[in-house]
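> 8 is the number of the first residue of the sequence shown in my numbering; add one for each residue after it.
All C-beta atoms in this analysis are idealised placements derived from N, C-alpha and C, irrespective of residue type, glycine included.
Source: prediction; values computed, not measured.
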Amino acid sequence: MATLISLISFFIPFLIPLIVISIVIITNRSNSSNQSQLDEEILPETQYSNGTEAEKEEELIYAIDGNMGKTLKVYHDRCIISITSGLKAAFWGAGALNGDKEFYYSDITSVQFKNLGHTTGYLQFEYPGAHSGNNFNSENSFIFSATIGTEKYKKLKEEMPRICDDIRKRVNEAKNAKTGTTVVASSPADELKKYKDLLDSGVITREEFDTKKKQLLGL
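So, in structure tokens, the structure goes:
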């Protein structure tokens with residue numbers, strides 16, 4: 008018995024450090040796993056991509072991943088806010104945006120923007136009939152956050168003002184094109200009146216007028 012007690016007393020100083028090291032390793036692995044899950048599910052990494060093959064055919068310019076499962080896709084004629092289906096119910100409820108929501112530049116009345124600071128930033132599209140007010144919980148808003156100080160959010164803070172300016176420029180161009188001069192095709196009666204004026208002015212002959220009249224009236 009005395010010999011056993013002596014052996015235990017001899018090995019105790021060696022066993023204690025091993026036990027402590029094991030506990031530290033297990034704890035670190037657990038913390039690392041939890042942080043990884045937080046980054047992937049709550050704070051997805053911002054990405055600037057050329058999109059899938061199908062999106063390339065639609066001329067996708069760039070796509071940006073934000074918070075709460077939302078992605079902003081910018082095209083030549085519209086923007087799309089899409090939300091990951093797995094995160095839809097968790098953040099927005101069962102009646103929230105499902106899949107993609109399109110915003111054509113010609114329909115957008117204004118683009119509200121708040122950059123990253125001490126709080127979450129957003130970019131919100133407004134259009135006739137849209138319910139505005141709650142910028143963060145609106146399905147018309149793209150949300151981006153700086154809740155952890157990583158390089159991806161520092162980059163996003165620098166890029167979002169430029170992206171907002173780019174979208175506003177596209178909205179203005181679409182509106183200018185929409186309100187531009189519209190060429191209206193003349194009716195046969197209008198054309199006939201024009202040729203009658205030419206006849207009365209002596210620019211064309213009666214024969215030329217009668218020939219054009221038959222063409223316009225389908226005679």
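Checking the sheet assignment: what are the DSSP bridge partners for residue 212?
According to DSSP, residue 212 bridges with nothing at all.
> If you follow the beta strand (DSSP E) that residue 66 is part of, which residue opens it and which one closes it?
First-last for residue 66: undefined, no H or E at that position.
> Do residue 106 and residue 89 come within 8 Å of each other at the CB atom, strictly closer than that value?
yes
> Under the three-state reduction of DSSP, which class applies to residue 133: helix, strand or coil?
strand
> Closer than 7 Å by C-beta to residue 66: which residues in its own chain qualify, once you throw out the five before and the five after it? Chain order, please.
82 and 83
> Skipping 5 residues on each side, what residues in its chain have a beta carbon closer than 7 Å to that of residue 113?
181, 182 and 185
> Can you tell which of 149, 211, 206 and 134 has the C-alpha that lies nearest to the C-alpha of residue 71?
149
> Let's test the definition: count the other Cβ atoms within 10 Å of the Cβ of residue 131 and tell me whether it reaches 16, buried, or not, exposed.
buried
> DSSP puts residue 109 in a beta bridge; with which residues?
87
> Can you give the Cα-Cα distance for residue 117 and residue 158, rounded to whole angstroms?
Rounded to the nearest angstrom, the two C-alpha atoms are 30 Å apart.
> Looking at residue 134 and residue 121, is the spacing between their C-beta atoms short of 8 Å?
no
> Can you give the Cα-Cα distance for residue 146 and residue 86, rounded to whole angstroms?
13 Å
> By the DSSP assignment, the beta strand (DSSP E) with residue 123 in it spans what residues?
Note, residue 123: premise wrong, no beta strand (DSSP E); not H, not E.
> Can you tell me where the alpha helix (DSSP H) holding residue 174 begins and where it ends?
Segment 158 to 185, the alpha helix (DSSP H) holding residue 174.
> Near residue 203, which residues of its chain fall below 8 Å by C-beta distance, leaving aside the five closest residues on each side in sequence?
Excluding positions up to five away in sequence, the list reads 216.
> Give every residue of the same chain whose Cβ lies closer than 6 Å to the Cβ of residue 166, excluding the five residues on either side of it in the sequence, and list them in chain order.
Correct list: empty, nothing qualifies.
> How would you label residue 210, buried or exposed, when you count the other beta carbons within 10 angstroms and need 16 or more for buried?
exposed
> Got a sec, what are the start and stop residues for the alpha helix (DSSP H) residue 198 sits in?
195 to 207
> Using the C-alpha atoms, what's the distance from residue 212 back to residue 205?
9 Å
> What residues in its chain sit with their C-beta under 8 Å from that of residue 208, if we drop five residues either side in the sequence?
none
> Looking at the structure shown, is residue 235 part of a helix, part of a strand, or coil, going by DSSP?
Outside the shown range of the chain, which is 8 to 226, sits residue 235, and nothing can be said about it.
> Taking the alpha-carbon positions, what's the residue 126 to residue 119 distance?
16 Å
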